[in-house]
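Asks: If you're matching them up, the sequences are chains A and B in order. So the first sequence is numbered by the numbering used here: it starts at 22 and just counts up by one. So the second sequence is numbered by the numbering used here: it starts at 22 and just counts up by one.
2 protein chains.
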Amino acid sequence: MSLISEKTIERLILYRGLLLQANHESESGIYSHQLGRMAGFTPAQVRRDLMQVGYTGSPARGYDIAKLIQSISALVDPAEKREIALAGIGSIGRAILAYFQGRSSLLEITAAFDTDPEKTDRVIHGCRCYPVDRLSEIILARGIRTGILCVPSGAAQSVTDAFVAGGVRGILNYAPTRLIVPPDVYVENRDMIMAVEKVVYFSGPRTGQRKETG
Amino acid sequence: MSLISEKTIERLILYRGLLLQANHESESGIYSHQLGRMAGFTPAQVRRDLMQVGYTGSPARGYDIAKLIQSISALVDPAEKREIALAGIGSIGRAILAYFQGRSSLLEITAAFDTDPEKTDRVIHGCRCYPVDRLSEIILARGIRTGILCVPSGAAQSVTDAFVAGGVRGILNYAPTRLIVPPDVYVENRDMIMAVEKVVYFSGPRTGQRKETG
Numbered sequence: 022m023s024l025i026s027e028k029t030i031e032r033l034i035l036y037r038g039l040l041l042q043a044n045h046e047s048e049s050g051i052y053s054h055q056l057g058r059m060a061g062f063t064p065a066q067v068r069r070d071l072m073q074v075g076y077t078g079s080p081a082r083g084y085d086i087a088k089l090i091q092s093i094s095a096l097v098d099p100a101e102k103r104e105i106a107l108a109g110i111g112s113i114g115r116a117i118l119a120y121f122q123g124r125s126s127l128l129e130i131t132a133a134f135d136t137d138p139e140k141t142d143r144v145i146h147g148c149r150c151y152p153v154d155r156l157s158e159i160i161l162a163r164g165i166r167t168g169i170l171c172v173p174s175g176a177a178q179s180v181t182d183a184f185v186a187g188g189v190r191g192i193l194n195y196a197p198t199r200l201i202v203p204p205d206v207y208v209e210n211r212d213m214i215m216a217v218e219k220v221v222y223f224s225g226p227r228t229g230q231r232k233e234t235g
Numbered sequence: 022m023s024l025i026s027e028k029t030i031e032r033l034i035l036y037r038g039l040l041l042q043a044n045h046e047s048e049s050g051i052y053s054h055q056l057g058r059m060a061g062f063t064p065a066q067v068r069r070d071l072m073q074v075g076y077t078g079s080p081a082r083g084y085d086i087a088k089l090i091q092s093i094s095a096l097v098d099p100a101e102k103r104e105i106a107l108a109g110i111g112s113i114g115r116a117i118l119a120y121f122q123g124r125s126s127l128l129e130i131t132a133a134f135d136t137d138p139e140k141t142d143r144v145i146h147g148c149r150c151y152p153v154d155r156l157s158e159i160i161l162a163r164g165i166r167t168g169i170l171c172v173p174s175g176a177a178q179s180v181t182d183a184f185v186a187g188g189v190r191g192i193l194n195y196a197p198t199r200l201i202v203p204p205d206v207y208v209e210n211r212d213m214i215m216a217v218e219k220v221v222y223f224s225g226p227r228t229g230q231r232k233e234t235g
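(1) Show which residues of chain A have a CB atom less than 7 Å away from the CB atom of B/Lys219.
(2) Using the three-state DSSP reduction, which class does B/Gly175 fall into: helix, strand or coil?
(3) Name the residue from B/Leu170, B/Pro197, B/Tyr195, B/Ala196 whose alpha carbon lies nearest to the alpha carbon of B/Phe184.
(4) At which residue ranges does the segment 181-211 of chain A contain complete alpha helix (DSSP H) runs of 4 or more residues, listed in the order of the chain?
(5) Quick check: the segment 191-205 of chain B against the segment 188-206 of chain A, are at least 3 beta-carbon pairs closer than 8 Å?
(6) Quick one: is A/Thr167 near chain B, going by C-beta distance under 7 Å?
(7) At least one CB of chain B closer than 7 Å to the CB of A/Ile90: is that the case?
(8) Taking the C-alpha atoms as reference points, what is the distance between A/Arg149 and B/Ser49?
(9) So the beta strand (DSSP E) A/Ile130 belongs to, where does it begin and stop?
(10) Using alpha carbons as the reference points, say which of B/Ile34, B/Ser112, B/Leu35, B/Ser92 lies closest to B/Val172.
(11) Closest Cβ-Cβ distance between B/Gly38 and chain A: below 7 Å?
(12) Could you tell me whether the segment 106-121 of chain A touches the segment 80-93 of chain A, where touching means 3 or more Cβ pairs closer than 8 Å?
(13) Give the interface partners of B/Gly50 over in chain A, defined as CB-CB distance under 7 Å, in chain order.
(14) Using only the alpha-carbon positions, how far apart do B/Arg66 and B/Pro99 sit?
(15) Using the Cβ count rule (16 or more neighbours within 10 Å means buried), how would you classify A/Thr228?
(16) Can you find a CB in chain A that lies within less than 7 Å of the CB of B/Met72?
(17) Would you list the one or two residues that DSSP bridges to A/Leu170?
Structure follows, in structure tokens:
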């Protein structure tokens, strides 16, 4: 596999999401300028990205949507069903469990962890919940490599360490803190307060600051 | 005010979040290389960003943390308390209401909207809920300029249009779709499935693809 940057992967995943929607509208072909407009990128950027998945399309009819979805999926999807662990069954953790349930055929949150005995040893939104002190043991036994972190910031680093000890190599971090991880562990930070602060800044009465679309 | 890019604002908000944590640990000064390491940027990038808030620090003692937090806040925070509207009181919407409650003194979600009569005309996590057909009217009357979108993708565009008609100029979009908005409306997209897909890709068995930290 060639070297593909994080930003390219992010755009490819976005294109696929948009194409899956477009697909529902009985269109069979799409041009780079159309996809670019939907995604907020230039047609040249779209063509460069799609060249990386090895699908170039025809100038006359554009890209075949179904084939393009297939090509992107072949690149970005895991070869088989992938289990995901979630730590922190508070309001955000529960919402993610509920939101994920049945939404993806390839990705499934199969183990959730919390310190609160009221929340463990039961099933919440289809997911079995365990005490957090069994985290490393359970994810190691199951070969889980992806974790979603929804614990309070005070617990974020210790749970991260348990994720890493259990073999996790990618963390989606909803805790409002930065995590210290080994160089081969990927972290995507998604703090909600910081996201709102940013949107509030750009929705405020403008005094000349530059605006970009997200 | 000078022109400050979206990426700079995002980094400044991150620095402030990190500094607020560092502040708790009884440190009074911080160097650009320390802040850079915490945030995942170079010391030069940190210094460039902090020059934009007009606070340069002393080479010997680094930046004064309290003053730096103050300087960043003066730039990125609204001048007064800002109301935020939320549409879609499903699992994600409820989680955001719960998470936000009391967490910020300047930002408050003061109106939530849904189509389900079971969820409206009551208070959920401290926030008054209304029928979605009153959205434009209510946010216009209150001067609300920021919206959080948590509705299913099928309703996302129509609720976006109602936000925009009511005067919203910034939208935090948790719906798995791209929104069509006028050029003066800022959108930050936060689809959870795409975020997980990306993290799963980077946590998979590596076959040589480039890895970056998030």
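Built from N, CA and C at the ideal position, the CB exists for glycine as well.
Replies: According to the data block:
(1) For the purposes of this step, residue 219 of chain B is taken as residue 198 along the second sequence, with counting starting at 1. Ordered by position in chain A, the residues that pass the 7 Å Cβ test against B/Lys219 are Ile30, Glu31, Ile34, Glu209.
(2) Numbered from 1 along the second sequence, position 154 holds the residue referred to as residue 175 of chain B. If DSSP states are grouped into helix, strand and coil, B/Gly175 belongs with the helices.
(3) Reading the second sequence from its first residue, position 163 is the one you call residue 184 of chain B. Cα-wise, what sits closest to B/Phe184 is B/Leu170.
(4) none
(5) no
(6) What you label residue 167 of chain A is simply residue 146 of the first sequence in a count that begins at 1. By this cut-off, A/Thr167 is an interface position.
(7) Along the first sequence, read from residue 1 onward, the residue named residue 90 of chain A stands at position 69. Not an interface residue.
(8) Numbered from its first residue, the first sequence carries residue 149 of chain A at position 128. Numbered from its first residue, the second sequence carries residue 49 of chain B at position 28. Straight-line Cα distance between these residues: approximately 44 Å.
(9) Here residue 130 of chain A is taken as the residue at index 109 of the first sequence, counted from 1. Per DSSP, A/Ile130 belongs to the beta strand (DSSP E) from 128-135.
(10) As a working mapping, residue 172 of chain B is identified with position 151 in the second sequence. Nearest C-alpha to B/Val172: B/Ser112.
(11) The residue given as residue 38 of chain B occupies position 17 in the second sequence. Answer yes: the Cβ-Cβ gap between B/Gly38 and chain A drops below 7 Å somewhere.
(12) no
(13) For the purposes of this step, residue 50 of chain B is taken as the residue at position 29 of the second sequence. In chain order: nothing, as chain A lies at least about 19 Å away.
(14) On the second sequence, position 45 is the one that residue 66 of chain B refers to. On the second sequence, position 78 is the one that residue 99 of chain B refers to. For clarity, residue 66 of chain B is Gln in the given sequence; the question names Arg instead. C-alpha separation (whole angstroms): 25 Å.
(15) Counted from its first residue, the first sequence places residue 228 of chain A at position 207. Summary for A/Thr228: the model assigns pLDDT 42, below 50, so the residue's position carries little reliability, and this model does not support an answer.
(16) One-based indexing of the second sequence puts residue 72 of chain B at position 51. Taking Cβ atoms only, chain A never reaches closer than 7 Å to B/Met72, which makes this a no.
(17) To locate residue 170 of chain A, count along the first sequence from 1; it is residue 149. The partner list for A/Leu170 (beta bridge, DSSP) reads A/Ala108, A/Asn194.
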